[in-house]
Amino acid sequence: MILKIFNYFPLPWAKLLALKTLGVKVSYNSGVLDSYIDSDFVIIKDNVILGEGSIIMSSMIVGEFLIIKRVILEEGSTIGAFSVISPGTIVEKGAILGMGSYTKINQHLKAHSIYIGRSAKNLNEIRNNSISNQI
Numbered sequence: 046m047i048l049k050i051f052n053y054f055p056l057p058w059a060k061l062l063a064l065k066t067l068g069v070k071v072s073y074n075s076g077v078l079d080s081y082i083d084s085d086f087v088i089i090k091d092n093v094i095l096g097e098g099s100i101i102m103s104s105m106i107v108g109e110f111l112i113i114k115r116v117i118l119e120e121g122s123t124i125g126a127f128s129v130i131s132p133g134t135i136v137e138k139g140a141i142l143g144m145g146s147y148t149k150i151n152q153h154l155k156a157h158s159i160y161i162g163r164s165a166k167n168l169n170e171i172r173n174n175s176i177s178n179q180i
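In this note's numbering, the protein residues as written are 46 to 180.
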């Protein structure tokens, strides 16, 4: 709740400072305004952009199980608005997760690729499948 206050600060690094205080490994040149980030087991590297309302979860309850996994957002990755990153997700350098998309637990988003959907799928794979279905 206290982090929500930092979304309204005129200084964008104020929320980054608060996240660092809570143990999130985040670079000062990343954009994380108005997003929810679990404070444990999350690594956000340089030039990462989190869209408005995006959620980064390092823990999740599924049935009777508590899943806790490290989440890594590599350099230059972009997470679209209102997207959800599940525990164990690794977003490689330059990868993009489209708006409103969800990742599966332990999903690996490859470098310089675009992922969309619920659950997220590589856009190139979607294009290739739709083209082969039309032939």
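Built from N, CA and C at the ideal position, the CB exists for glycine as well.
Since we're looking at a predicted model, the values are computed, not measured.
Confirm, please, whether the CB-CB distance from Gly108 to Asp85 is below 9 Å.
Contact flag unset, no.
Contact under 9 Å by Cβ, Gly96 with Ile124
Against a cut-off of 9 Å, the Cβ pair of Ile124 and Gly96 comes out as a contact.
Cross-strand partners of Gly76 (DSSP beta bridge)
Ile94
CB-CB length for Ser122 against Gly143, believed under 8 Å
About 12 Å separates the two Cβ atoms, so there is no contact after all.
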